[in-house]
Amino acid sequence: MRLTIVSAVLFSIAVCQGQEAKPSPSNTRAVEGGRLTFRIVCSPCHGIHAEGGRGPDLTRGVYTSGDSDKDLFRVIATGVPGTEMAGYSSRLDNDEIAHVIAYIKSVAQPDNGTVPGDTAAGETIFWTKGGCAQCHCVGVNGSSLGPDLTRVGRQRSIAYLRSSILNPDADVTPGYATVTVVTRDGKKIVGLEKNFDNFSAQLIDLSGNYYSFLREDVTSMKLESRSLMPSTYGKLLSNAEINDLLAYLNGLRGDR
Amino acid sequence: MSLFLSGLLTGIALLAQAGPGTWTSYGKNSLGWRYSELDQINAQNVSRLAPQWMYQTNVSGKNETTPLVFDGIMYITGPSNYAWALDALTGRPIWAYRRNPPPNVNLCCGPVNRGFAVHGNTLYKANLEGTLVAMDAKSGVVRWEATLDDYKKGYSATAAPLVVKNLVVTGMAGAEYGTSGFIDAYDVDNGRRIWRVHTVAGEGEPGGDSWAGDSWKRGGGSTWITGTYDPELNLIYWGTGNPGPDMLGEVRQGDNLYTCSLIAIDADTGKIKWHYQFTPHDVHDWDAVGDPVVMDLAINGHTTKAVVQANRNGFFYALDAATGKVLVAKAYTRVTWADGIDSNGKPILIAGQAPTEDGNRTCPGMGGGHNWQASAYSPMTGLYYFTSAEKCMRFFKTKQEYIEGEWYQASTVGRDEPGVGRIDALDPKTGELAWYFETVSTPSGGLLTTAGGLVFGGDAEGYLIALDARTGKVLWRFQTGGTILAPPISYSLNGRQYIAVLGGQTMITFSLPNL
Chain A
1102 MRLTIVSAVL
1112 FSIAVCQGQE
1122 AKPSPSNTRA
1132 VEGGRLTFRI
1142 VCSPCHGIHA
1152 EGGRGPDLTR
1162 GVYTSGDSDK
1172 DLFRVIATGV
1182 PGTEMAGYSS
1192 RLDNDEIAHV
1202 IAYIKSVAQP
1212 DNGTVPGDTA
1222 AGETIFWTKG
1232 GCAQCHCVGV
1242 NGSSLGPDLT
1252 RVGRQRSIAY
1262 LRSSILNPDA
1272 DVTPGYATVT
1282 VVTRDGKKIV
1292 GLEKNFDNFS
1302 AQLIDLSGNY
1312 YSFLREDVTS
1322 MKLESRSLMP
1332 STYGKLLSNA
1342 EINDLLAYLN
1352 GLRGDR
Chain B
30 MSLFLSGLLT
40 GIALLAQAGP
50 GTWTSYGKNS
60 LGWRYSELDQ
70 INAQNVSRLA
80 PQWMYQTNVS
90 GKNETTPLVF
100 DGIMYITGPS
110 NYAWALDALT
120 GRPIWAYRRN
130 PPPNVNLCCG
140 PVNRGFAVHG
150 NTLYKANLEG
160 TLVAMDAKSG
170 VVRWEATLDD
180 YKKGYSATAA
190 PLVVKNLVVT
200 GMAGAEYGTS
210 GFIDAYDVDN
220 GRRIWRVHTV
230 AGEGEPGGDS
240 WAGDSWKRGG
250 GSTWITGTYD
260 PELNLIYWGT
270 GNPGPDMLGE
280 VRQGDNLYTC
290 SLIAIDADTG
300 KIKWHYQFTP
310 HDVHDWDAVG
320 DPVVMDLAIN
330 GHTTKAVVQA
340 NRNGFFYALD
350 AATGKVLVAK
360 AYTRVTWADG
370 IDSNGKPILI
380 AGQAPTEDGN
390 RTCPGMGGGH
400 NWQASAYSPM
410 TGLYYFTSAE
420 KCMRFFKTKQ
430 EYIEGEWYQA
440 STVGRDEPGV
450 GRIDALDPKT
460 GELAWYFETV
470 STPSGGLLTT
480 AGGLVFGGDA
490 EGYLIALDAR
500 TGKVLWRFQT
510 GGTILAPPIS
520 YSLNGRQYIA
530 VLGGQTMITF
540 SLPNL
């Protein structure tokens, strides 16, 4: 473990004082060095252009575990407990981590700060006309059928959220694919994937009913990488209303 | 108590004798068949198979071990240099071994281990920090320890060793750290190194001109899965891994011998008798480490001793075991990098398949068609069984400076297309698939076949599955509660046949409840 608490403290001091380890996105050498390290170490989970994959999208300029250089350094060096994010302090030295941070900051899109909609109007649409809470929750309110949106403003870019509203199938969150089962008596049951394996499927339909089937007991079962969210929001909501909704979603940072 | 008495009665000389009811080598026999001659559990009664005991190791990490069973005791290795001896009747622990790995040991793929080897009453296992340890089978007490190479330079070890006469033969790992591969043979009694085969041809050696400049010094070619041994030819067969750095081929122009190859080694001298390179100048991380399985094949009216492997590059190969000449070569999964294998055994390359800075899609993906997971061969059916993936990936290369002991892959792969997996049964005489069972995920565990006409294998979702060895029909399955990364084995005790496998962190055995 090359990174010690002492070196982490020294690093944070160096950052504060603007010394050479500062992960500035304007330092092109640092950015290029960070890009190469990122491609090797980080891209398997975060995507080759930091656009996300198994791990969060890092181009949105806000980060799940904190936005400061110090937060990013801590996350890269020591990982995030309870997630697949491992600590890299044994593989990357302080400068390399600083360069990775410089690269991540260089690819950040500023769109999260500039949403043309009205947050309060968006909140009203979310809980009323949009019917979003029938499947999604924010904090303790709403339904847990679909992905939890409590922190979605940290986790997804505006462009991603807009795409998800207008075309829900564009990128289905893992664990939220669609399972369709046809029973022996011809009944078709469609729901959210809880499990889908070689011998069984577990799913929850949009009414919240839970089902478990063995493959040998049904006529067919299939898993599709498509969302059960309606694809009609482009017609249901006006452009202004979608912007309002995006403003509300962008503000969901898990804060209380 | 009964174990102690039987140990006294049988005596040390009989310990570890191979037989139908024991499992005393990584591949069951030295030819790598993973074929159990036990037939008490068969296609007619396997539906009644039921759990007998479980042992929870309580050690997190991937369990990839092949258990050994003899004299009433099961020996398993675990992640992070753990190992256990368990009573094979009840699962109760007899002894445990633990050696904390150094904190900065470099591992590409987790702190895994794939099992013990045994000679007489001595067990042998590799430790992560690149050492080989001999220990007393009844007590777990260490008898000797040998260092393969310096872990600080990126060397490590994960494979089960192979005992050949009075030698314990072992591979190494670390091709993602700029190491240079080898296969070592040590005296079973004292750990003295008898020979070393370098899997990267150095300057001035035969094959040395297949590396540009001094790139051979960081050439990779690690040997992280156990080889096989044919006593008639006195040859050891061992597969080698990718050249380093993985996808940045321009810094190591040439064929890069003997990476991604099968090497036949004279067991007495440690000299290479022949080699065959499946993927010259590999840039997709297609190691050739899968079990090299030795069998007789009747091709064109002639019976030839062959060594076969479903290679990670997507082709199945049967090679003449005496010469390395290609007898059969045929794609078993989707392949976009070669149109076939020519009469000289060289792949007919398709242009434009090399990794690029922006990513280039190739099939199969980095995990290949068939990777390292244990394969099996049944002399009853004449079929060769292996797991495979139908999957493609985008391959990226990246410039990277070499620093000793540091990660040196110079590459990555793009967001996965999901892909599917299969359990394949292939006729090794022709390379044609006889049947396959498609799985929702790509392969995780290895396979076992038995004289009961069965194939057993575990899947990523935790199911242990029994299939009819002739038809592929699923006859039984059991949810073990954890991803199965290890191959199942079979043994017998007190007239009862057992199937054993590690699911997650739990060792589970099965047998027929009422005989």
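Going line by line, the protein sequences match chains A and B.
The opening position of the first sequence corresponds to residue 1102 in the numbering used here, with each subsequent residue numbered one higher.
The opening position of the second sequence corresponds to residue 30 in the numbering used here, with each subsequent residue numbered one higher.
For glycine and all other residues, C-beta sits at the position ideal for the given N, C-alpha and C.
Can you list, in chain order, the residues of its chain whose CB lies under 6 Å from that of residue i, leaving out five sequence neighbours each side?
i	result
Gln538/B	For the record, residue 538/B in the displayed sequence is Thr; it is not Gln. Cβ within range, chain order: Gln81, Trp82, Tyr527 and Ala529.
Asp456/B	Ala463
Asn195/B	Val217
Gly397/B	Trp315 and Arg341
Asp1249/A	Cys1238
Gly460/B	Phe345, Val357 and Lys359
Gly283/B	Ser239, Trp240 and Ala241
Ala293/B	Leu264, Tyr266, Lys302 and Trp303
Could you name the residues of chain A that residue i contacts, counting a contact when the two beta carbons are closer than 8 Å?
i	result
Asp488/B	Asp1298 and Asn1299
Trp436/B	Ile1141, Val1142 and Arg1192
Thr478/B	Those do not exist, as Thr478/B stays about 19 Å from chain A at its closest Cβ, beyond 8 Å.
Thr416/B	What Thr416/B touches in chain A: nothing, since even the nearest Cβ is about 13 Å away.
Taking only three categories from DSSP, how would you classify residue i?
i	result
Tyr406/B	strand
His1147/A	helix
Ser239/B	helix
Arg128/B	coil
Val318/B	coil
His227/B	strand
Arg525/B	strand
Glu205/B	helix
Leu1347/A	helix
Leu348/B	strand
Phe485/B	strand
Leu191/B	strand
Phe424/B	strand
Ala1122/A	Note that Ala1122/A scores a pLDDT of 48, beneath 50, so its modelled location is shaky; the value from the coordinates is reported in the next line. Three-state DSSP puts Ala1122/A in coil, outside helix and strand.
Asn156/B	strand
By Cβ distance, which residues of its chain are closer than 7 Å to residue i, with the 5 residues on each side in sequence left out?
i	result
Trp436/B	Glu205 and Tyr206
Glu1152/A	Asp1158 and Thr1160
Asp368/B	Ile377 and Ile379
Tyr244/B	Residue 244/B is actually Ser in this sequence, not Tyr. Counting only Cβ-Cβ distances below 7 Å, and skipping sequence neighbours, we find Val280 and Arg281.
Gln514/B	It should be pointed out that residue 514/B corresponds to Leu in this sequence rather than to Gln. The answer, listed in chain order, is Lys91, Asn92, Glu93, Ser473 and Gly474.
Phe1300/A	Leu1315 and Arg1316
Leu1267/A	Tyr1334 and Gly1335
Provide the residue(s) that pair with residue i in DSSP beta bridges, ordered along the chain.
i	result
Ala175/B	Leu161/B
Trp267/B	Ile292/B
Gly532/B	Thr535/B
Glu335/B	A small fix is needed here, since residue 335/B is Ala in this sequence, not Glu. Ala335/B pairs with Met324/B and Asp349/B.
Cys1238/A	Gly1243/A
Ala1302/A	Phe1297/A and Phe1314/A
Gln73/B	None; Gln73/B has no bridge partner.
Met1186/A	According to DSSP, which records beta bridges pairwise, Met1186/A is partnered with nothing at all.
Ala214/B	Val198/B and Trp224/B
Along chain A, in chain order, which residues have C-beta atoms closer than 7 Å to that of residue i?
i	result
Gly443/B	Ile1149
Thr427/B	Leu1137, Arg1140 and Ile1141
Thr468/B	Asn1299
Which residues in chain E have a C-beta closer than 7 Å to the C-beta of residue i? List them in chain order.
i	result
Thr471/B	As a matter of chain content, chain E is missing from the structure shown, whose protein chains are A and B.
Return yes when at least one heavy atom of the ligand GTP lies under 7 Å from the C-beta of residue i, else no.
i	result
Ile292/B	This structure lacks the ligand GTP; in fact it carries no ligand of any kind.
By the criterion of Cβ-Cβ separation under 9 Å, what are the contact partners of residue i in chain A?
i	result
Arg506/B	Asn1299 and Phe1300
At a CB-CB cut-off below 8 Å, which residues of chain B make contact with residue i?
i	result
Pro1145/A	Thr441 and Val442
Within its chain, find whatever has a CB closer than 8 Å to the CB of residue i; leave out the 5 residues flanking it on each side and keep chain order.
i	result
Thr1085/A	This structure cannot speak to residue 1085/A, because chain A is shown only from 1102 to 1357.
Leu191/B	Ser54, Tyr55, Ser59, Ala146, Val197, Val198, Thr199, Thr255, Gly256, Thr257, Tyr258 and Ile265
Thr332/B	Asp325 and Leu326
Thr269/B	Gly210, Thr228, Gly250, Ser251, Thr252, Tyr287, Thr288, Cys289, Ser290, Leu291, Ile292, Asp316, Ala317 and Val318
Practice task
Using a Cβ-Cβ cut-off of less than 8 Å, list which residues of the stretch 292 to 325 of chain B approach chain A; keep chain order.
Solution key: none
Handout entry: chain B contacts made by the stretch 1181 to 1194 of chain A, where a contact means CB separation under 7 Å
Key = Ser1191 and Arg1192
Handout entry: the stretch 491 to 519 of chain B: positions lying closer than 7 Å to chain A by Cβ
Key = For the stretch 491 to 519 of chain B, which is checked against every Cβ of chain A, the residues closer than 7 Å are Tyr492 and Arg506.
Handout entry: Interface residues of the stretch 128 to 156 of chain B facing chain A [CB-CB below 7 Å]
Key = Pro132 and Asn133
Practice task
Check each residue of the stretch 382 to 413 of chain B: if its Cβ is closer than 7 Å to any Cβ of chain A, include it; give the result in chain order.
Solution key: The stretch 382 to 413 of chain B vs chain A, Cβ under 7 Å: Gly388.
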